[in-house]
Amino acid sequence: MSVAVQQVSHLDHLDDQIVALALQLEEINFREETNKAKYPVDEVPDLEVAYANYLAEIEVHLAFLKDVKFAHSIANAVDADAQAIADITQTEAQAHEDRRVAVQMSSDDPELEAPPAYTEEVRNEFLEGEVVRRFAALLTSDDDLYESPESVAGPSVPYAQRQADALGILARPTFECTACSNDFRLTDIRQLKCEHQYCDPCLKRFIMRGVVNHNLAYIPPRCCGDAISPALIISSLASEEMEDFQNAEIEKRTRDKKYCSNSKCGRFIAPIHIVAGEATCPRCKAKTCATCTNPSHEDDCPAASELQATLELGAEKQWCRCFSCRSLVAIDTGCNHMTCLCGAEFCYLCGIEWTNPGQCNCTFWNEENLIRRARQVVDRAAPQYLPPAERQRRVAEVQEQLRDTDDCEHRGRRKFERIIGGRRTRFQCEMCNEVHRNFILRCRRCQLDVCMDCRLHRV
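Under the numbering used here, the first residue of the sequence shown is numbered 11, with each subsequent residue one higher.
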């Protein structure tokens, strides 16, 4: 006989289930007390064995439900005391910040600025996003509860261990930032959906990277493929930074982009600021001709003839024009799937927007570019001297490997291997073109080399 165990569908039902099991337990105990049956010790009837097993299962499951209720009561207590926890943490954080500023001031740093005050928004963000959320998640995660083997009758020790683990994590003095590897207190670090943790300066730098570097491929900012939540972005940026970030979001969505002709500004001008062929910069108020992108003029725009000459040169060189920002793009090596600095993706041969492989009838590889890419992959991995015959064999082998990968998405935790360099080794990221000394991450399928930043935030 087995206990008819129902999974905990809602926490409100815990009391009802505990009462129901307690009543069953009481009935069985009453039967034991009133049972007058006699039998030899070594010949226990099957019915008595069944009742004994049934009693044991009920007692174990009842203990489990009481543990669940206790765990939730702890979480509710933490939630109720969250304000007090926040006040204490705020005072502690302010004292830490005051000490840091005092140390800086003692060094007579002329560029020292007063630290930003702790605001109510910072407190609310802490309440909503850190201690309460983490503690409650560790103790009362519904997904873990329902999917756990403890959803059926069983020992309650793992739940007690889970509570201890949760308290142990919160008691850790510091947490390591994924980007800079420095240690920070819980209130000075943010955990993303993918569970990577960033300190405030690194998170801000990561969010603003696409804006500062004028590379819209980093917009929207994401880590491990998951976009950063708007609430976290808003809480991490100052008002002017937020304005620049929102402008970059509009810029990425806009086709035929226009920029301020003022060399000291160069800001993207949204379509709402373009009237009758004249674009007005909302920041510096400079006026720009929307046709030639030079300072606004009264005479006929001379751009038509100059643009035509440039396009003719591009056609001669077999350059492609980005459908979004209208820039001319040249390919040197690699496949025909292009990503422009403005973030737009398109086919290099026909120029249409890239949404998925096979959307157009163009070949994925140009044969010359495929050979050039295969030689590049072989030469960077080969020793200083490689016999010509062996080099040609490896090039042909890599060609077929690249042809089979088609449009590799570089997804999965084990898609990349870490290539460690020597003392004089230099690696170049093939996405951001930055040079790195220690290591590079190489896709096992298509042999793409990327830095850790691009692996987390672009791939």
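Ideal Cβ positions, reconstructed from N, Cα and C, are used throughout, including at glycine.
Item                                                                                                                                                                       : Value
Of the residues 346, 376, 425, 79, which one's Cα is nearest the Cα of residue 234?                                                                                        : 425
Quick one: any contact between the stretch 318 to 334 and the stretch 202 to 217, if contact means 3 or more CB pairs under 8 Å?                                           : no
With a threshold of 7 Å on Cβ separation, who are the neighbours of residue 242 within its own chain once the five nearest residues in sequence on each side are excluded? : 200
Got a sec? Which residues, its chain only, sit under 7 Å from residue 464 by beta carbon, not counting five neighbours each side?                                          : 439, 441, 442
Spatial neighbours of residue 306 within its chain, please: CB distance less than 7 Å, with the 5 preceding and 5 following residues excluded, ordered by chain position.  : 288, 297, 298, 299
Is it buried or exposed, residue 221, if we count other Cβ atoms within 10 angstroms and call 16 or more buried?                                                           : buried
Taking residue 379 and residue 359 to be in contact with their CB atoms under 8 Å, please state how far apart those CB atoms are, rounded to whole angstroms.              : Actually they do not touch by this definition, with Cβ atoms about 11 Å apart.
From residue 468 to residue 227, what distance separates their C-alpha atoms?                                                                                              : 7 Å
Quick check on the burial criterion: 16 or more other C-beta atoms within 10 angstroms. Buried or exposed for residue 31?                                                  : buried
Name the DSSP beta bridge partners of residue 305, please?                                                                                                                 : 298
Just to confirm the assignment: which complete alpha helix (DSSP H) runs, minimum length 4, are found wholly within the stretch 190 to 236?                                : 210 to 222
Under DSSP, the alpha helix (DSSP H) around residue 391 begins and ends at which residues?                                                                                 : 377 to 391
Using DSSP with H/G/I as helix, E/B as strand and the rest coil, what is residue 24?                                                                                       : helix
When the Cα atoms are used, what is the spatial distance from residue 133 to residue 197?                                                                                  : In this prediction, residue 133 scores a pLDDT of 44, lower than 50, which makes its location untrustworthy; the coordinate-derived value is nonetheless stated afterwards. Roughly 10 Å between the two C-alpha positions.
Where DSSP assigns a beta bridge to residue 268, which residues make up the other side?                                                                                    : 279
Which of the three DSSP states is assigned to residue 330 in this structure?                                                                                               : strand
Output needed for residue 509: all residues of its chain with C-beta closer than 6 Å, excluding positions within five of it in sequence on either side, in chain order.    : No information on residue 509 is available, as it lies outside the stretch 11 to 469 that the chain covers here.
Which residue comes first and which comes last in the alpha helix (DSSP H) that contains residue 444?                                                                      : First-last for residue 444: undefined, no H or E at that position.
Going by alpha carbons, who is nearest to residue 26 out of 76, 341, 42?                                                                                                   : 76
Assuming residue 288 is part of the alpha helix (DSSP H), what are its boundary residues?                                                                                  : Element bounds for residue 288: not the alpha helix (DSSP H) but the beta strand (DSSP E), 288 to 290.
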